[in-house]
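Have a look at the structure below before the remarks.
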Amino acid sequence: MTVAYRPDPWSWLKSPATALFAVLLFFLIDGVTAQAIAHGVAEGDKGYIQETSGIVFWPFVYLGAKHMVTGYDHLLFLFGVIFFLYRMKDISIYVTMFAIGHSTTLLLGVLMDVSVSSYLVDAIIGLSVVYKALDNLGAFQRWFGVQPNTKVATLVFGLFHGFGLATKLQDFNMAPDGLFVNLVAFNIGVEMGQLLALGAILIAMGFWRKTGSFWKHAYVANVVLMTLGFVLTGYQLVGYFVL
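For the sequence shown, our numbering begins at 49 and goes up steadily by one.
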């Protein structure tokens, strides 16, 4: 007797994508609900930044790396950017575009004291996650018949991500003595943290891509990514209008 095949509708729960997004969701919830976090910077780090005067290179390298590694919004965007990238050459190009963007606005935003609500900047960062998920789903081609330049988009959103970092540092009134060197050190730390996070994501993606579930669950993964982006955006907008 032949038994008809019945697909398991809950098979996606067993996929590596689920485990990966569970980790990202944990960081997202932790960052949204923790009262000890001031726009993504821990109170202990906040106090250190405010009390620091003069050049303190390595501590700021550490702070930059720590912020990037624990920055769920940056990690979600990077995850979306490299989701369908297989060649290291392509990954390097996109990561470089992103790095140029956020390095530029991080430095200029603080040095030129450009003042914008961090809630609004972080809302745009949330929308960058939504954009990348929609791009991965091919939504722009289906809806509008056009494909945005993905490299330019990565650079532009990199500018907003860097501006988000700048608004956080501006909140702490960093001492002008040694400011430029400390900012460069912080940015170097951000790049180091980005490479560490990217390496972990690529390792996880490498294992997932070797399984038969990757293409089966790629759509679901990007829908979840888009949802998390909307959650981030909504949380920041509530903070802007309510807090």
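For each residue, glycine too, the CB sits at the ideal point set by N, CA and C.
Nothing here was measured: the structure is a model prediction, and the numbers come from that model.
Distance CB(residue i)-CB(residue j) smaller than 7 Å
i	j	result
F211	G260	no
F131	N184	yes
A223	F108	no
S176	F125	yes
G226	G112	no
V117	G241	yes
L123	A245	yes
G174	T281	yes
Cut-off 6 Å between Cβ atoms - residues of its own chain near residue i, not counting five sequence neighbours on either side
i	result
S163	none
G287	Y167
I172	F208
H150	G206, H209, G210
H115	none
Contact set for residue i: own chain, Cβ-Cβ below 7 Å, skip 5 residues either direction
i	result
K180	F125, G128, V129
M49	Residue placement at M49 cannot be trusted, given a pLDDT of 47 that sits under 50; what the coordinates show is reported in the next sentence. Result list for M49: empty, nothing under 7 Å.
Proximal residues to residue i (C-beta, below 8 Å), its chain only, five neighbours per side dropped
i	result
Y142	V129, I130, L133, T198, K199, T202
Straight-line Cα distance separating residue j from residue i
i	j	result
F289	Q218	20 Å
V196	G277	Before going further, note that residue 196 is Pro rather than Val in the sequence given. One C-alpha to the other measures close to 19 Å.
I139	V268	22 Å
T144	W191	29 Å
I148	Y120	20 Å
M136	G247	11 Å
T275	N235	29 Å
Residue i in three-state terms, based on DSSP
i	result
G102	coil
Y53	Residue placement at Y53 is poorly supported in this model, since its pLDDT is 41, which falls under 50; the coordinates still yield a value, given next. DSSP places Y53 in coil when its eight states are reduced to three.
V162	coil
L280	helix
L291	coil
Next item on the list: Give, in chain order, every unbroken run of the alpha helix (DSSP H) that is at least 4 residues long and sits entirely within the stretch 165-253.
Entry: Whole alpha helix (DSSP H) segments, 4+ residues: 166-184, 187-192, 198-218.
Checklist line | Uninterrupted alpha helix (DSSP H) stretches inside the stretch 253-278 (no shorter than 4 residues) | finding: none
Note to self: Quick check for students: name the residue ranges of the alpha helix (DSSP H) that lie wholly in the stretch 114-141, counting only runs of 4 or more.
What the structure shows: 120-129
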